[in-house]
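Residue numbers (this note's numbering), protein chains in the order written: chain F, 58 to 343; chain D, 13 to 765; chain B, 1244 to 1406; chain S, -17 to 62. Glycine included, each C-beta is placed from N, C-alpha and C at the ideal position.
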Amino acid sequence: MRFESPTTTKAAAALLASESGVAHVLAGGTDLLVRMKMGATEPDLVVDIKRIDSLRELKVTAAGVHIGAAVPAIMLGESDKLRGLWPGVVEAANLIGSDQIQGRCTVAGNLCNASPAADSVPALIAAGAKAVVVGTKGKRRVAVEKVVLGPGRTSLARDEFIEAIVLPARAGKSADAYLRFTPRTEMDIAVVSAAINLTLSRGIVQSAKVVLGAVAPTAVIVPAAAKALIGTKLDDAALAKMVTACEAACNPIDDKRGTIEYRTKVAGVMARRAALIAFERAGGAK
Amino acid sequence: MPYETDYTNQGFSKVGTRVNRPDGVDKVTGRAKYGADANAAGQLVGRILRSPHAHALITKIDTSKAEKLPGVKAVLTGKDFPDLTGGDRGMMNILENCMARGRALYDGHAVAAVAAIDADTANEALKLIKVTYKQLPHVTDVDEAMKPSAPIIHDWVRTTGVTPAPTTASNVAQRTEFGHGDIDAGFAQADVIIEKSFKTEQTHQGYIEPHACLATLGPDGSGELWVTTQGHFTFRNVCASLLGLDVAKLRVTASEIGGGFGGKTHVWTEPVALQLSRRANRPVKLVMSRDEVFKATGPTSSTSVDVKIGAKRNGKITAASAELRYQSGAFPGMWAMLGAMTSFACYDLKNVKSVGFDVLVNRPKVAAYRAPSAPMAAFAVESVVDMVAAELGMDAVEFRIKNAAKKGTKASYGPVYGPIGIGPTLEAVKNHPHMKRKLGKNQGRGVACGFWFNFGGQTCTDLNIGVDGSVNLTVGTVDVGGSRASLALIAAEELGIDYEQVRVTIGDTNSLGHNDTTEGSRGTFSSGMAAIFAARDAVEVLKQRAAATWGIPVEQVVWEAGEARAKGKQNNNLPPLSLKEIAAKSPRTGGPIAGHNEVVADGAGVSFASHMCDVEVDPETGATKILRYTVVQDAGKAIHPDYVEGQFQGGAAQGIGWALNEEYVYGDDGRLQNAGFLDYRIPVCSDLPFIDTQILEIPNPNHPYGVRGVGETSIVPPLAAIGNAVSNAVGVRMDHVPMSPPRILKAIEAAQG
Amino acid sequence: MNGVTVSAKVNGDAVQYVCPPDESLLDVLRNRLNLTGVKEGCGTGDCGACSITLDGRLVCSCLVLGAEAEGREIGTVEGLSEGGKLHTLQEQFIEKAALQCGICTPGFLVAAKVLLERNSNPSEEEIRYALAGNLCRCTGYDKIVRAVQSSAKIMRRGKKASR
Amino acid sequence: MQVQLSGILSQAAGGARCVDCAGATIGELLQALLLKYPEMQSHLDDGIAVAINGEIYRDRRDQPIPANADVFLLPRIQGG
């Protein structure tokens, strides 16, 4: 195995492009090193992107948020401004593992690991986040939901990696929330999760996005659930309709972490609770 | 020198105080050396190849490529471990578990081993070993394994304990029965009878330190083993016997131990490491990975238990019976027997019967786990006790008090009890402020009792006094949780000197006589007893030296408050001689001063605990939060209360993990799916509240200080206490541990129809 | 596999080592720098026994490559005491009997130190969540949380006094 | 004295739950028992525990047995 730590995105892309064997990008390493330890991957090349200055930048402005691919998740929680604008994204990112993991893991890495249970992904999708993808041929912007194709699979080309995750400008009276269910209070993988992003107008939901995690091979956007909320103050009927839509959108598996029935049922519960939190954060009152 | 072991009811000045542990600085600075922290010049890295199949014939192992890899110094398979057991089936089982012999019996069973110059080379060598398997049908569930159609794990197993003796093979290795009276007559008298079946899943001790050893064995048959173990003397005997070594030529040193809880009472890789070293003639360091620990060391049994209890309207139990089916993994064990013995031990029963079945399955060999087998039996019994109380409309604590065992009760496993603590722990529960806390919505409270035997066993200690009056006590039981502090307190108490003057060392196998494994809550009980006697032995020497110094008969010398005092009017002019003064003169009064003791410290005194617990259950997710937890247990005498509380809290926490989330998950393919700390969910800090403790001291008549073992009993009640609390919170009787969120939600929904 | 040469600072001292590019920082610290106070309980970031600081951030050293540490500052349990004086947390862990077997203790101490540097007066809940990445199987965490609470109190008092 | 046998031990005594046997110490008692029931040998090899008036003795063969004691033979047990 070769270990490289280039200082420019160009050099990083060139390294990835020139490797004929197994190449991995190393950001936080909290997934990659586990896979290496378990023998699940035996890379010929590991490219550490943390020495690229621009990738370590976290910029929070009125025009939007730029989260460099090498920014550890803990830094998101340390930004009061970001927490104010995107509390759901921050709480999702801060749920990835322990404080030890937080000091290393990145939202870009969480996305590229392409786990159906990734915490930050539903929140990023609900937020309308885009990934800035860089490769030998230059840069492109792609919606986060287009990055993951299935468990462990992404749409990135061999020479491509994510440079940053960007969040759009925030409209007034809007907020997001993320909830997941885990048997333990910490140090756990989401059995099921839900992210909700709402914008209110005169106390009524004007736009909504509902995204579920760990209920299908990839995070699931549930337009019918969003539709159930729009035009309401999250009254019981609207919430019930949203829950039904969420349950209908679930296509989970039975595994060591949860059953099909359990995931389906609790997906609705998480979505309902997350919706109420987001609504309150956006200034809504029932 | 034999000493009287009876309880002396003496007053204490050191014992019972909360001093700082002597190994504290080493452990907070990172200096303490654990199993994986030792190295030897020229050491090799040992690694083990493990079966991916639950049950398979090993038709061929080709190691030739691995042997040719540069840097590989030894490759071993089952054929490299000749059968030296002389027909001892028990020893053969240990050997076969260390390395498969023609058949892999579980996912993770060792099939080959290598030693190489570094980890990369060793890992590469494992990949070059080609094993040809022929998969066989497997069974991992205890009830399934008992069915006549189940695949047979061992064709030599005949069920023992049934008449007439069977002639065909079975997965039921043993049937055991305990009890007395006539249960049919008892149930006939009952006004209320409750009968229910329960299941518990397999759990692991989950110590944070993986098994690790550094083995050196030369062609002359002399060897050294540095190892994390609860019983270095036992490891020595077992390894020597399996490998054909002289016991005295194998020196085993116990490293600091990073948790054991029973799991480090058995050998797993140590004979393999020694054999690799012998083959390579170099030291071999072998450290298990975490997934190896889960797959290939001994968890506790998964179980299936039926309990039936009958009682009269007045609240008196008339009869109780249980059938307990425990899987012991791929090799026979005694686990159902222990379940059957402990199941009704808390109660005074006229008619009682418990029947245990030890069952073989394709899972790793079951090992002891803290009060082994008792928690599962207690879960079933204490759940039914609650159900009977509810049916009678009685308070569950009152019902238990009414039926509690006491001095003179004939225990359900046979003997008659001496002074015991179950009644007092229940009275303490009844009067505890915890019981008065108001419960909110979705909240429930549960109480449960637990019992464990405790052992003593063979023990040998040395006490040496330095010329400056400082004292080294060498013991052969390992310090699993602060016993050095307790033993130093005991030595200081006996000698009448400061605690700080005593240092406690864990001796290796060549510095002391045999010491039994530190199991059965025996560490402080038995080494404490031997320390008392070794100190009294040394006091006799101190008195002789003082007598010689004074020129008076030794009969006129007494030992009081750390000094020799001359008794009698004629000796009034003789000022006392302190231990320090006598020690300083020792080179000229007869040489070093020492005490020694070897004892079979029997009579450890049975132990009881009652726990109470408040939970809140989220009715939409089935998630349980522990709101409050209190442990009441009889310690006999708490030598160091901090570490007694620590045992209570640690046992309770393990029990909480078991009750709520911990379980081995096997796939249909018989493979373990959660061999890691991410998906084998032991409680994390944020899962738990502070765990309150109350220490009761009902002296054990068989120990000079009244000590009882305290280490194990605290894991017995939690499954049942939480089971009762959750059942009370959700209004549905929980019958399957762990009570994970999916199981609780399913139970709630089933009850709602 | 060609080794990577790395210069870093460990507990304030400059060190240099050569390690295979896929070797974890945990293995480097334990096997090349003899800092065996850093423990391995799982190797997959789930137990926290190998906790260290990397440029002041709390991380699991099993999830860092040795090669990544070039130019970084590493802090381990061995660097907690200053001279002959134990760190307050070390003293309180002994005083409050916050360890039984002690294998998790180095990781807890490093994690607790980082917590108290960030938050000098954490609530019980904050302590419990901050230490959730460190598994302890012996104590039920009770006495560990108490030791961190008393350390925080003592350290706050010390800060006031030195002002 | 009357010696009570638990579980699998009674099988070695032809199914008897209680047998008559003499011995001033645990060692003597076990010897006498073995003479009477040779099948007991394998259990003695595996290890045996003797409860005398409720206290369990595992190893002390010289332990005296008082007159009229409640004597109960158990298989040897393991702990954690």
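Original post:
Taking 8 Å as the CB-CB cut-off, is F:P240 touching chain B?
Top reply: It does not; no Cβ of chain B falls within 8 Å.
Original post:
Which residues, taken in chain order from the stretch 506 to 536 of chain D, show a beta carbon closer than 7 Å to some beta carbon of chain S?
Top reply: Under the 7 Å Cβ criterion, the stretch 506 to 536 of chain D contributes E531, G532, S533.
Original post:
Within the chosen definition, does the stretch 97 to 116 of chain D reach the stretch 175 to 192 of chain D through at least 3 CB pairs nearer than 8 Å?
Top reply: Contact fails: fewer than three Cβ-Cβ distances are below 8 Å.
Original post:
Count the other CB atoms within 10 Å of the CB of D:D196; is the residue buried (16 or more) or exposed (fewer)?
Top reply: Answer is exposed; the Cβ neighbour count stays below 16.
Subject >> the stretch 1363 to 1375 of chain B: positions lying closer than 7 Å to chain F by Cβ >> reply: So the list reads Y1372, A1373, A1375, given in the order they occur along the chain.
Subject >> Simplified DSSP state of F:S250, which is helix, strand or coil >> reply: In the structure shown, the three-state DSSP call for F:S250 is strand.
Subject >> Residue span of the alpha helix (DSSP H) that contains D:P431, given as start and end >> reply: Per DSSP, D:P431 lies in no alpha helix (DSSP H) and is assigned neither H nor E.
**OP:** State the DSSP-derived secondary structure class of D:M746, mapped to helix, strand or coil.
**Re:** DSSP places D:M746 in coil when its eight states are reduced to three.
Subject >> Proximity of D:I756 and D:V629 at Cβ, strictly below 8 Å >> reply: With contacts defined as CB atoms closer than 8 Å, D:I756 and D:V629 qualify as a contacting pair.
Original post:
Taking Cβ-Cβ distances shorter than 7 Å, what residues in chain D pair up with B:L1342?
Top reply: Listed along chain D, the residues sitting closer than 7 Å to B:L1342 by beta-carbon distance are K39.
Original post:
Would the stretch 143 to 161 of chain F and the stretch 236 to 252 of chain F be scored as touching if the rule is three or more Cβ pairs under 8 Å?
Top reply: The stretch 143 to 161 of chain F vs the stretch 236 to 252 of chain F: in contact.
**OP:** For D:M111, return the contacting residues in chain S, with the cut-off set at a CB-CB distance below 9 Å.
**Re:** Ordered by position in chain S, no residue passes the 9 Å Cβ test against D:M111, which lies about 23 Å from the chain.
**OP:** Step through the CB atoms of chain F and report whether any lies within less than 8 Å of the CB of B:L1272.
**Re:** Not one chain F Cβ lies under 8 Å of B:L1272.
Original post:
Hey, how far is the Cα of F:D216 from the Cα of F:G166?
Top reply: Rounded to the nearest angstrom, the two C-alpha atoms are 16 Å apart.
Original post:
Taking a cut of 8 Å between CB atoms, which residues from the stretch 320 to 333 of chain F lie near chain D?
Top reply: Listed by position, the residues of the stretch 320 to 333 of chain F near chain D (Cβ gap below 8 Å) are K322, V323, V326.
Original post:
B:L1269: beta carbon under 7 Å from a heavy atom of the ligand NAD?
Top reply: Among the components of this structure there are no ligands whatsoever, and the ligand NAD is therefore not found.
**OP:** Find the nearest neighbour of F:G85 within the set F:K187, F:M132, F:K67, F:K196, judged by alpha-carbon distance.
**Re:** Nearest to F:G85 by alpha-carbon distance, out of F:K187, F:M132, F:K67, F:K196, is F:M132.
Original post:
Quick one: any contact between the stretch 51 to 71 of chain D and the stretch 131 to 144 of chain D, if contact means 3 or more CB pairs under 8 Å?
Top reply: In this structure the stretch 51 to 71 of chain D touches the stretch 131 to 144 of chain D; the number of beta carbon pairs closer than 8 Å is three or more.
Original post:
Mind checking whether B:G1284 and B:V1261 have CB atoms under 8 Å apart?
Top reply: It is not a contact, given that the beta carbons lie outside the stated cut-off.
Original post:
Given that a residue counts as buried once 16 or more other Cβ atoms are within 10 Å of its Cβ, and exposed if not, what is F:F60?
Top reply: By the neighbour-count criterion, in which 16 or more other beta carbons inside 10 Å mark a residue as buried, F:F60 falls on the buried side.
Original post:
Among D:T265, D:T75, D:G271, D:A379, which one has its Cα closest to the Cα of B:L1342?
Top reply: It is D:G271.
Original post:
Which chain B residues sit within Cβ distance under 7 Å of F:M244?
Top reply: Simply D1289, A1375, G1376.
**OP:** Determine contact between the stretch 1258 to 1277 of chain B and the stretch 1301 to 1318 of chain B, defined as no fewer than three beta-carbon pairs at a distance below 8 Å.
**Re:** Contact between the stretch 1258 to 1277 of chain B and the stretch 1301 to 1318 of chain B is present: three or more C-beta pairs spanning the two stretches fall below 8 Å.
Original post:
Where do the ends of the beta strand (DSSP E) carrying D:N135 lie?
Top reply: For D:N135, no beta strand (DSSP E) run applies; the uninterrupted alpha helix (DSSP H) run containing it begins and ends at 131 to 140, by DSSP.
**OP:** Use the C-beta contact count for B:E1338: other C-beta atoms within 10 angstroms, 16 or more gives buried, fewer gives exposed.
**Re:** With a 10 Å radius around the Cβ and a threshold of 16 neighbouring Cβ atoms, B:E1338 comes out buried.
Subject >> Beta-carbon proximity check, F:I109 vs F:L83, cutoff 8 Å >> reply: No, Cβ-Cβ distance for F:I109 and F:L83 is not below 8 Å.
Subject >> When F:S62, F:I153, F:I219 are compared against F:Y235, the one with the closest alpha-carbon >> reply: For F:Y235, the nearest C-alpha among the options comes from F:I153.
**OP:** Can you say whether F:M95 is buried or exposed, counting buried as having 16 or more other CB atoms within 10 angstroms of its CB?
**Re:** Classification for F:M95: exposed.
Original post:
In this structure, what does DSSP give as the bridge partners for D:E674?
Top reply: BP columns for D:E674 are empty, so no partner.
**OP:** Return the chain-ordered ranges of every beta strand (DSSP E) run that is complete within the stretch 101 to 161 of chain F and spans a minimum of 3 residues.
**Re:** As summarised for the stretch 101 to 161 of chain F, the continuous beta strand (DSSP E) elements at least 3 residues long and confined to that stretch are 102 to 105, 115 to 118, 121 to 125, given in chain order.
Original post:
Of all the options D:D510, D:F689, D:L700, which has the alpha carbon lying nearest to the alpha carbon of B:G1288?
Top reply: Among D:D510, D:F689, D:L700, the Cα nearest to that of B:G1288 belongs to D:F689.
Subject >> Residue nearest to F:Q341 in terms of C-alpha spacing, selected from F:A324, F:L255, F:C307 >> reply: According to the sequence provided, residue 341 of chain F is Gly. The question's Gln does not apply to it. Distance check between F:G341 and each of F:A324, F:L255, F:C307 places F:L255 closest, using alpha-carbon atoms only.
Subject >> Beta-carbon contacts of F:A295 that lie in its chain and below 7 Å, excluding the five residues immediately before and after >> reply: Excluding residues within five positions, the ones whose Cβ falls inside 7 Å are A285, L286, T289.
Subject >> F:T316 at chain D interface by Cβ criterion, 8 Å >> reply: Closer than 8 Å: yes.
Original post:
When you compare only the Cα positions, how much space is there between B:G1280 and D:L350?
Top reply: Near 39 Å, if we compare the C-alpha coordinates of D:L350 and B:G1280.
Subject >> Extent of the continuous beta strand (DSSP E) to which B:S1250 belongs >> reply: Element bounds for B:S1250: 1247 to 1253.
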